[in-house]
Ligand SMILES: [Zn+2]
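In my numbering, the protein residues as written are 19 to 278.
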């Protein structure tokens, strides 16, 4: 599947270099532009240029050298406001994504980022298996959409448990070396988020994440594990995330644009 251009960047080369800010903060700023309000987040980093990125979910992120004043950033955002609002509008056309599933034969469903066509097959016992691009749902007597949904949901949950644990185990050693314990993994359905990490060490992942590509699942897990060290979304948090996953923005964009 080809994705549309997933991030748009604008960069420039103004690079004053002095008075490195030591404890940078991250916050959301607002700017009124025409009849719209642009909300943007500033991340200070050890870099020489300012970069504006509009993410597919509409987030506007400014990466700035540590010594750039908020007014200078504001000025830059103002200058680029037209472009920013155009990018936001561009990404909006891809939402909403998936039409509601009806659980009938021929319909496609996702697993690990791939589409599989639903094939209903009477006979044998109730169950789901993947074969040659198909989700084959077998059933004994009758397959109402509700039954198909139940069978598929059960299958997804089993796969989610196995796959999420496997990916968590792969990421864990890096965090254990930093002295953190393995969080308890919970899987549940969540409406508005992919994952969360509670202060008592429970990592909750959205069950629907099993529909997304492996890379994206790994991104959510790594993001949440970084919260072991930083509970907020400070620049330090993003620096840590970037250390583990230099391409996290690409993965996040894919998740935001995905058909999950
Ligand atoms: Zn977070």
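Virtual Cβ for every residue (Gly too), placed ideally from N, Cα, C.
May I ask you to list the residues that DSSP assigns as paired with residue i?
i	result
residue 194	Bridge partners of residue 194: none, in fact.
residue 49	56
residue 83	63
residue 147	154
residue 139	156
residue 205	223
residue 126	135
residue 214	222
Express the C-alpha separation of residue j and residue i in angstroms, rounding to a whole number.
i	j	result
residue 87	residue 78	18 Å
residue 127	residue 172	14 Å
residue 193	residue 240	9 Å
residue 229	residue 109	21 Å
residue 236	residue 180	13 Å
residue 214	residue 102	29 Å
residue 100	residue 47	17 Å
residue 105	residue 262	28 Å
residue 195	residue 201	14 Å
residue 73	residue 159	47 Å
residue 146	residue 238	27 Å
residue 131	residue 153	14 Å
residue 122	residue 91	52 Å
Identify which residue in the options has its Cα closest to the Cα of residue i.
i	options	result
residue 246	152, 225, 224, 190	190
residue 219	235, 242, 271	242
residue 166	92, 107, 125	125
residue 157	237, 142, 64	142
residue 248	217, 275, 213, 64	217
residue 89	66, 117, 107, 60	60
residue 252	221, 49, 63, 55	63
residue 133	144, 121, 151, 147	151
residue 199	129, 244, 174	244
residue 270	225, 222, 254, 211	211
residue 94	56, 203, 227	56
Closer than 6 Å from C-beta to any heavy atom of ligand 1: which residues, in chain order?
241, 245, 251
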